[in-house]
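Structure first, then comments.
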Amino acid sequence: MNPKIRAAIFDLDGTTAYTAPDLLYSMNLMLEHFGFSTLTMEQLFGHISFGERDFVKYSLPEECRNDEALIDKTQEYYVGIYEKHFLDRTCLYDGLEDVIRSMQKAGIRLAVNTNKAHAHALAILNKIIPDTFEEVLGYGIKATKPDPSAALYIAEQFGVSPAETLYIGDSDIDMHTATNAGMTAVGVTWGYRPEDILRENGAQVIVHKPEELLALCGLNEA
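Take any residue in the sequence shown, note its place counting from 1, add 20, and you have its number in the numbering used here.
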């Protein structure tokens, strides 16, 4: 338990929202359109978290990843598809709503920091858990993770120190972001990266179910 925690910053994809089905569907439609092999869900997981352009780039065959004109073209096509389908099956992870609302009720300041397009992040959160997160910073608002600028901006806006803030994510990118910001790096195992990746990249705490987040805030014994 840590009664000094006053804020929690959540990653979106793989931490708060299960977005994988819509990402996979959209990416594979793009790959099929350009005559490339489609991805499995496991392969897709390896490309999420780096931002939209790199997500597309690393979903292409390796020999195409230095072709900037092709990346431009495939990214534009992918964005057009995802724009139509990003809310089809995306949902909140089981057990998170009660946890997040309990944190909110207890006065924990809540935010989301994601490399997903800002407009998509806002729309997803408005659908799956509205009226909870005070700050949402997606791609294009601040520097992309693992740069800590967005996380530090959120802490400043909340009037809390990094030491009083949990940074909760499912990827190596999130763990580096937390470390770079001087926040407690909390790795969740229900997302898109395995536990060993989280530990190897700086996770200070590993949680296996959402309820465990409450104990980290000093709210109960999970």
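Built from N, CA and C at the ideal position, the CB exists for glycine as well.
As the structure is a prediction and not an experimental result, all values here were calculated from the model.
- Pairing ALA139 with ASP33, the inter-Cα distance amounts to about 14 Å.
- A residue is called buried when at least 16 other Cβ atoms come within 10 angstroms of its Cβ; GLY115 does not meet this threshold and is exposed.
- Here the alpha carbon of SER69 sits roughly 31 Å from the alpha carbon of ASN240.
- If you ignore the 5 residues before and after LYS165, its C-beta comes within less than 6 Å of the C-beta of ASN135, ILE193, THR197, all in its own chain and listed in chain order.
- Residue environment: THR36 is assigned as buried (16 or more neighbouring CB atoms within 10 Å of its CB, all protein chains considered).
- Measuring C-alpha to C-alpha distances from PHE178 to each of ILE188, GLU155, ALA163, TYR187 identifies GLU155 as the nearest.
- Nearest to THR209 by alpha-carbon distance, out of ASP151, VAL225, GLU103, GLY66, is VAL225.
- For TYR159, no alpha helix (DSSP H) encloses it; the enclosing beta strand (DSSP E) starts and ends at 155 to 159.
- Cβ-Cβ distances below 7 Å link LEU236 to ASN22, ILE25, LEU186, VAL206, VAL225 in the same chain, with the five nearest sequence neighbours on each side left out; the list follows chain order.
- In the three-state reduction of the DSSP assignment, ASN48 falls in the helix class.
- Beyond the five residues adjoining it in sequence on each side, ARG213 comes within less than 6 Å, by CB distance, of ASP190, SER191 in the same chain, given in chain order.
- In this structure, the straight-line span from the alpha carbon of GLY55 to that of LEU49 is close to 10 Å.
- Taking all protein chains in view, the Cβ of ASP118 is surrounded by fewer than 16 other Cβ atoms within 10 Å, so the residue is classified as exposed.
- With respect to the 8 Å criterion, GLY160 and ALA137 are classified as neighbours on the basis of their beta carbons.
- Listed in chain order, the non-local C-beta contacts of PRO182 below 6 Å within the same chain comprise ALA175, ALA201, GLY202, MET203, local neighbours out to five positions each way being set aside.
- By the neighbour-count definition (other C-beta atoms within 10 Å, threshold 16), MET47 is a buried residue.
- Distance from the CA atom of ALA131 to the CA atom of ASP42, rounded to whole angstroms, is 23 Å.
- The continuous stretches of alpha helix (DSSP H) do not include LYS229, and DSSP gives it neither H nor E.
- Residue state for ALA137 is assigned as strand, using DSSP reduced to three classes.
- In the structure shown, the three-state DSSP call for VAL132 is strand.
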